[in-house]
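A.B. asks: Heads up: the sequence shown at position 152 corresponds to 152 in the UniProt record's numbering, and the numbers run straight through without jumps.
Just so it is clear, CB atoms sit at the ideal spot from N, CA and C, and this is done for glycine as well.
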Amino acid sequence: MRAAYIQQRGPAENIRYGTLSEPVAQPGEVIVQVDAVAVNPVDTFVRSGSYPTEIPLPFVVGRDLVGRVVHGAAGFQAGEKVWCGSLGYDGRQGATAELVAVPAERLYRLPVQVDPLAAVAVLHPASTAYLATVEYGEVRSGETVLILGAGGKRGIGCRRPGRRVRRDGDCGGVAP
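(1) Does chain B have any CB closer than 8 Å to the CB of residue 127?
(2) Rounded to whole angstroms, what's the CA-CA distance from residue 2 to residue 18? Just pull it up for me.
(3) Measure the beta-carbon distance from residue 106 to residue 86 and round it to whole angstroms, keeping in mind my assumption that it falls under 8 Å.
(4) According to DSSP, simplified to helix, strand and coil, what is residue 59?
(5) Have a look at 44, 49, 109 and 64 and flag the residue whose alpha-carbon is nearest the alpha-carbon of residue 72.
(6) Who are the near neighbours of residue 121 in its chain, counting only those whose CB is closer than 7 Å to its CB and skipping five residues on each side?
(7) Decide if the segment 94 to 102 is in contact with the segment 31 to 50; the criterion is three or more beta carbon pairs, one per stretch, under 8 Å apart.
(8) State the Cα-Cα distance for the pair residue 42 and residue 53, rounded to the nearest angstrom.
(9) Cα-Cα, which of 78, 139 and 64 is closest to residue 118?
(10) Where residue 26 and residue 132 are concerned, what is the direct C-alpha to C-alpha distance, given to the nearest angstrom?
(11) Ignore the nearest five residues each way along the sequence and tell me which others in residue 77's own chain have a CB closer than 7 Å to its CB.
(12) Could you tell me the distance, in whole angstroms, from the CA atom of residue 5 to the CA atom of residue 51?
(13) Given this structure, state the Cα-to-Cα distance separating residue 14 from residue 21, to the nearest angstrom.
(14) Mapping the DSSP letters down to three states, classify residue 164 as helix, strand or coil.
(15) Where residue 9 and residue 136 are concerned, what is the direct C-alpha to C-alpha distance, given to the nearest angstrom?
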């Protein structure tokens with residue numbers, strides 16, 4: 001199968017595009033045919049070595065994917081559209097390959113009508129924003145929240161849940 005991978009950590013010039021063996025699912029893993037990937041800043045940190053994490057070599061780069069289940073497991077069925085935003089570190093191969101083995105607990109179902117490119121571009125920043133504001137930040141109605149970087153993809157995502165719980169205003173910032 002074709003993949004973007006590295007043989008050693010280092011600069012972006014180390015990324016190769018070539019043929020690697022197809023992944024074999026371990027217990028609890030689902031084989032996914034990749035339809036779309038996104039480049040995540042964490043990909044750069046892992047590839048360069050500035051983020052210390054275990055990686056097998058050769059190492060398929062990439063964290064985020066949208067694809068379709070090829071070989072189901074753990075309740076996933078062949079043909080289901082799925083998203084994963086946590087590959088490519090802690091010993092897991094990344095997303096930039098035709099086929100990827102994904103731990104089922106890191107896989108999320110998507111509606112069939114969702115565009116893969118739109119989904120892979122927005123789901124990771126949106127889920128990060130939701131966790132920051134609603135789950136961990138516990139933003140409640142009536143509270144005032146300052147969102148630094150409100151014009152960026154995570155900032156925009158943070159404004160959405162904030163608007164849901166506090167409907168009387170919205171504010172962003174601009175660079176000087």
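C.D. replies: For this structure:
(1) The structure shown has no chain B; it contains just one protein chain.
(2) On the sequence shown, position 2 is the one that residue 2 refers to. On the sequence shown, position 18 is the one that residue 18 refers to. Straight-line Cα distance between these residues: approximately 5 Å.
(3) Numbered from 1 along the sequence shown, position 106 holds the residue referred to as residue 106. Numbered from 1 along the sequence shown, position 86 holds the residue referred to as residue 86. At roughly 5 Å, the Cβ-Cβ gap stays under 8 Å, so residue 106 and residue 86 are in contact.
(4) Counted from its first residue, the sequence shown places residue 59 at position 59. Here residue 59 sits in strand by DSSP.
(5) To locate residue 72, count along the sequence shown from 1; it is residue 72. For the residues 44, 49, 109 and 64, the minimum Cα distance to residue 72 belongs to 109.
(6) On the sequence shown, position 121 is the one that residue 121 refers to. Closer than 7 Å at the Cβ level, and outside the excluded window around residue 121, lie 38.
(7) yes
(8) As a first step, residue 42 must be located in the sequence shown, where it is residue number 42. As a first step, residue 53 must be located in the sequence shown, where it is residue number 53. About 11 Å.
(9) Working through the sequence shown from its first residue, we reach residue 118 at position 118. That would be 64, whose Cα lies nearest to the Cα of residue 118.
(10) Along the sequence shown, one-based indexing puts residue 26 at 26. Along the sequence shown, one-based indexing puts residue 132 at 132. Answer to the nearest angstrom: the Cα atoms are 32 Å apart.
(11) Within the sequence shown, residue 77 is the residue found at index 77, counting from 1. The residues 69, in chain order, have a CB closer than 7 Å to that of residue 77 in the same chain once the five nearest residues on each side in sequence are set aside.
(12) Taking the first residue of the sequence shown as position 1, residue 5 is located at position 5. Taking the first residue of the sequence shown as position 1, residue 51 is located at position 51. Cα to Cα, residue 5 sits roughly 17 Å from residue 51.
(13) Numbered from its first residue, the sequence shown carries residue 14 at position 14. Numbered from its first residue, the sequence shown carries residue 21 at position 21. For residue 14 and residue 21, the distance between alpha carbons rounds to 19 Å.
(14) If you number the sequence shown from 1, residue 164 lands on position 164. Any answer about residue 164 is weak, because its pLDDT of 47 lies below 50 and its placement is not dependable; what the coordinates show is given next. Correct three-state label for residue 164: helix.
(15) As a working mapping, residue 9 is identified with position 9 in the sequence shown. As a working mapping, residue 136 is identified with position 136 in the sequence shown. Going from the Cα of residue 9 to the Cα of residue 136 covers about 33 Å.
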